[in-house]
Amino acid sequence: MSGCEHYIRKCCLVSPCCNKIYPCRFCHDDNEDHELNRRDVTLVKCIQCDTVQKVAANCIICRIRFGFYFCSICRLYDDADKGQFHCELCGLCRTGGRENYFHCSKCDICFVKSLRDSHKCLEKSSHSNCPICLESLRASRDPCQVLECGHLLHRKCFQDCATSRIISCPLCNAKMT
Numbered sequence: 371m372s373g374c375e376h377y378i379r380k381c382c383l384v385s386p387c388c389n390k391i392y393p394c395r396f397c398h399d400d401n402e403d404h405e406l407n408r409r410d411v412t413l414v415k416c417i418q419c420d421t422v423q424k425v426a427a428n429c430i431i432c433r434i435r436f437g438f439y440f441c442s443i444c445r446l447y448d449d450a451d452k453g454q455f456h457c458e459l460c461g462l463c464r465t466g467g468r469e470n471y472f473h474c475s476k477c478d479i480c481f482v483k484s485l486r487d488s489h490k491c492l493e494k495s496s497h498s499n500c501p502i503c504l505e506s507l508r509a510s511r512d513p514c515q516v517l518e519c520g521h522l523l524h525r526k527c528f529q530d531c532a533t534s535r536i537i538s539c540p541l542c543n544a545k546m547t
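Using my numbering, you'd call the opening residue of the sequence shown number 371 and step up by one each time.
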């Protein structure tokens, strides 16, 4: 078994943008001056037999399964069971078990079921960047914190704000709790 700090898997992605081989899109993005759109990936390389082949769950030569979880849409392989699931409405893979989440169509993001009746909906709130670190909320591996006002921050950014005694939403100035 192999992989990187992001995923455990038995294949690498062949990047169509630069034709380089990386264990995952995050490893690619950390080493290149451009980002890899994982949906553009059409080839993978088996780490057991080194065969380059079309995206699939198993190697066409040695038949090894590349990952416990495989999503042909997101080109996601992972050998660790994280309760992965693909949300058709988000168009992304999520972790934590489908049974624990619901998709809010107005916010256009999956939330834990405990927020179903208590979150304030904001139209496509997940399509913005975190107002603290300015990184994408939608495609982030980091969990989001839903503020009472309905705005989203990365949970780590929210915790950093609390540590720094920032108590207001950086977008609307409502109290952050």
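Where is the CB? At the ideal position from N, CA and C, for every residue including glycine.
Given a length threshold of 3 residues, each whole run of the beta strand (DSSP E) inside the stretch 447–518 is given here in chain order: 455–457, 462–464, 471–474, 479–482, 514–516.
Taking His497 as the centre and dropping the five residues before and after it, the same chain places the C-beta of Asp478, Arg508 closer than 7 Å to its C-beta, in chain order. By a beta-carbon distance limit of 8 Å, Tyr447 does not contact Gly461. Their separation comes to about 18 Å.
Beta-carbon to beta-carbon, Cys539 and His524 are separated by about 14 Å, too far to satisfy the 8 Å threshold. DSSP places His524 inside the beta strand (DSSP E), whose first and last residues are 522–524. For the pair Cys381 and Lys415, the Cα-to-Cα distance works out to about 5 Å. Bounds of the beta strand (DSSP E) holding Cys382 are 381–384.
Boundaries of the alpha helix (DSSP H) around Phe396: 395–401. DSSP, read as helix, strand or coil, puts Cys527 in helix. Where Val414 is concerned, the enclosing beta strand (DSSP E) starts and stops at 413–416. In its chain, beyond the 5 residues on either side, Pro540, Leu541 have a beta carbon closer than 6 Å to the beta carbon of Pro501. Per the coordinates, the alpha-carbon of Lys390 lies some 17 Å from the alpha-carbon of Arg379. Residue environment for Cys531: buried (at least 16 other C-beta atoms within 10 angstroms of its C-beta).
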